[in-house]
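Data block below; observations after.
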Amino acid sequence: MILDIAVQVMFPILFLAAAGAFFQRWFQLDLGTLSRLLTYFFLPAVVFTTISTQEIEGGLLLDVGAFLFIQFLLLAGMSSLICRLTGMDPKLAPTFKNSVVLMNSGNFGLPVSQLVFAGTAGVSVQVIVLLFQNFLTYTYGLFQAASSSADTMKTAVMQLLKIPVLYALAAAVIVQLTGISLPDPVVIPLEQTADAFIALALFTLGAQVAYPALRQLSLLFFTAVAARLIFAPLLGLGIIFLLGLDGVTAQALLIASAFPMSRNSALFALEYDNRPEFAAQGVLVSTILSIFTVSFFIYLAQLLFA
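Under the working numbering, the first residue of the sequence shown carries the number 67, and numbering increases by one thereafter.
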């Protein structure tokens, strides 16, 4: 079963990411342009088409929201405790915390969910996870990275207001509540854009990790990787049992808990000079290892919550 999952789900991801890495090394692609296309065009189309075409019950929102909030509190508390117990360098501590708490729910997580759940409620769950992670990134994550900056609150608010998926979500909710039927000339290009998201997201992910530079990997580095790839999903499993979740919702949340480190943690570390090499290497290593760990947790999710 695990081998079958690796072939059916993870191999397409690895193939597209490898293609992105190859083209980046061969042609030196403009990563900024690719990233902006994903953030401002393709991802909003996915969020809008997913939410506007699927019925999301209030109970589902409450269940997923409770899970995500509890998991965030426990991961943030655990990472803070590790920082204190180890007497971690003040410059490394924010990067360590963000590496554990923030995950790549966009150009890794959403494609995985689309491949695993293909048009079911599992994709809607992942969209909610994506929105929550975006909120965490520009609140908790930004505050951690820029804890010494006086204008952190203003910066966080401005960054949140620039996230186009929030406006796509609002538009999708309006369509759902009002029952508006969009004309085909609008629906068709939106669906075509959403269909193209998986390929471009994984291609871009591969391009971003095309130049591995692994050096000075410490025990703390592997602790952060293990916390993100192993401890976080095991913690998620415990919360699922605690809340009594089951079915596709439980599967989607367990799988989402296993996603690798967010590239935003590396961007914040670079911007505020908080050990950026630690964050960049963490994104690279966790993304590579997630091919194996995510395959296992997909198997476990299907075994426990079929």
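All C-beta atoms in this analysis are idealised placements derived from N, C-alpha and C, irrespective of residue type, glycine included.
Per-residue DSSP class, three states only, for residue i
{"i": "MET154", "result": "coil"}
{"i": "GLN210", "result": "helix"}
{"i": "GLN199", "result": "helix"}
{"i": "ASP339", "result": "coil"}
{"i": "PHE371", "result": "coil"}
{"i": "GLN94", "result": "coil"}
{"i": "LYS163", "result": "helix"}
{"i": "TYR277", "result": "coil"}
{"i": "THR105", "result": "helix"}
{"i": "SER352", "result": "helix"}
{"i": "GLY131", "result": "helix"}
{"i": "GLN192", "result": "helix"}
{"i": "VAL73", "result": "helix"}
{"i": "PRO266", "result": "Before going on, a small fix: residue 266 reads as Leu here, not Pro. In this structure, LEU266 counts as helix in the three-state DSSP scheme."}
{"i": "GLU121", "result": "coil"}
{"i": "SER247", "result": "coil"}
{"i": "ILE229", "result": "coil"}
{"i": "PHE89", "result": "helix"}
{"i": "THR186", "result": "coil"}
One or two residues paired with residue i in a DSSP bridge
{"i": "MET67", "result": "According to DSSP, MET67 bridges with nothing at all."}
{"i": "MET327", "result": "MET169"}
Beta-carbon gap between residue i and residue j smaller than 9 Å
{"i": "LEU208", "j": "PHE334", "result": "yes"}
{"i": "ARG281", "j": "SER165", "result": "no"}
{"i": "THR152", "j": "SER331", "result": "no"}
{"i": "ALA322", "j": "SER179", "result": "yes"}
{"i": "PHE363", "j": "ALA318", "result": "no"}
{"i": "PHE371", "j": "ILE306", "result": "yes"}
{"i": "ALA111", "j": "ALA234", "result": "yes"}
{"i": "LEU320", "j": "GLY348", "result": "no"}
{"i": "ALA237", "j": "PHE114", "result": "yes"}
{"i": "ALA211", "j": "TYR338", "result": "yes"}
{"i": "LEU168", "j": "SER328", "result": "yes"}
{"i": "ALA276", "j": "GLN90", "result": "yes"}
{"i": "MET154", "j": "LEU286", "result": "yes"}
{"i": "LEU442", "j": "PRO342", "result": "This structure gives no information on residue 442, because the portion of the chain shown stretches from 67 to 372."}
{"i": "THR315", "j": "ASP129", "result": "yes"}
{"i": "LEU147", "j": "PHE344", "result": "no"}
{"i": "THR105", "j": "PRO230", "result": "yes"}
{"i": "GLN274", "j": "MET67", "result": "no"}
{"i": "PHE133", "j": "LEU309", "result": "yes"}
{"i": "ASN170", "j": "PRO299", "result": "no"}
Heavy atom of the ligand PLP within 8 Å of residue i beta-carbon
{"i": "ARG341", "result": "Of ligands this structure carries none, so the ligand PLP is not represented either."}
Hey, is the segment 85-101 in contact with the segment 258-277, meaning 3+ C-beta pairs nearer than 8 Å?
-> yes
In the segment 282-327, which residue ranges form an unbroken beta strand (DSSP E) of at least 3 residues, counting only runs that do not cross its ends?
-> Segments of the beta strand (DSSP E) lying fully in the segment 282-327: there are none.
Decide yes or no for the touch test of the segment 101-119 against the segment 224-241: beta carbon pairs closer than 8 Å, at least 3 of them.
-> yes
Indicate whether the contact test is met: 3 or more Cβ pairs, each with one atom in the segment 72-79 and one in the segment 191-205, closer than 8 Å.
-> no
Validate contact between the segment 257-264 and the segment 122-142 using beta carbons, cut 8 Å, 3 pairs = In short, these stretches do not touch, since the Cβ pair count stays below three.
Specify whether the segment 285-305 and the segment 352-363 touch according to this definition: at least 3 beta carbon pairs, one from each stretch, less than 8 Å apart.
-> With contact defined as three or more Cβ pairs closer than 8 Å, the segment 285-305 and the segment 352-363 are in contact.
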